[in-house]
Amino acid sequence: MPPSALFTLPALRRARDLIDLRYAEQLDLATLAREAGYSKFHFSRAFTAAYGETPRTYLTRRRLERAKSLLRVANLSITEICLLVGFESLGSFSSLFRRVVGQAPSAYRQESVRYGGPPPIPGCIVLMWTRPTLSASPEKRAAGRSG
1360 MPPSALFTLP ALRRARDLID LRYAEQLDLA TLAREAGYSK FHFSRAFTAA
1410 YGETPRTYLT RRRLERAKSL LRVANLSITE ICLLVGFESL GSFSSLFRRV
1460 VGQAPSAYRQ ESVRYGGPPP IPGCIVLMWT RPTLSASPEK RAAGRSG
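Going letter by letter, the sequence shown gives residues 1360 to 1506 in the numbering used here.
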């Protein structure tokens, strides 16, 4: 491992963690590079070298993974899921989903229901739980509900 990797990898992990945490927000290359402490172009090259995909590809993959999970477990419309994971257009989401997964989001959901039963989490609960609040973290909200 080259000595520069000791500095580079933690910085890249901070940016990757930001993607994992805020995948539903509009994250641009400048924001991610700033999190890592690099210029946009150096960050993009370093991220691709370290993780084998561009930051945009990683962000898109995380969004699709989350959408697949929500299609399996939440009773939300495909449009709601599309917007909830950070896509702005249902058409582009559906065509990308079909290209990557191999089937349309509705077909993916139908297959999941056929093999695993109906989604166990009502959509209203997912929307309530994921709604941002300024006053309390999810942990504090959960503690307040149970007490």
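The C-beta atom is built at its ideal place from N, Cα and C for all residues, glycine as well.
Remember, it's a predicted structure, so these values are computed and weren't measured experimentally.
For the alpha helix (DSSP H) containing residue i, list its first residue and its last residue.
i: GLN1469; result: 1464-1475
i: GLY1450; result: 1449-1460
i: SER1403; result: 1399-1410
Report buried or exposed for residue i, applying the criterion of at least 16 other Cβ atoms within 10 angstroms of its Cβ.
i: ALA1433; result: buried
i: TYR1474; result: exposed
i: GLU1470; result: exposed
i: PRO1369; result: exposed
i: ARG1422; result: buried
i: LEU1380; result: exposed
i: THR1468; result: Checking the sequence, you will find Arg at residue 1468 rather than Thr. Under this definition ARG1468 is a buried residue.
i: PHE1446; result: buried
Grouping DSSP H, G and I as helix and E and B as strand, with all else coil, what is residue i?
i: ALA1392; result: helix
i: ALA1383; result: coil
i: THR1413; result: coil
TODO: Evaluate contact between the region 1404-1423 and the region 1368-1377, counting only Cβ atoms and requiring at least three cross-stretch pairs below 8 Å.
DONE: yes
- [ ] Report yes or no: do the region 1429-1446 and the region 1455-1469 share at least 3 C-beta pairs separated by less than 8 Å?
- [x] yes
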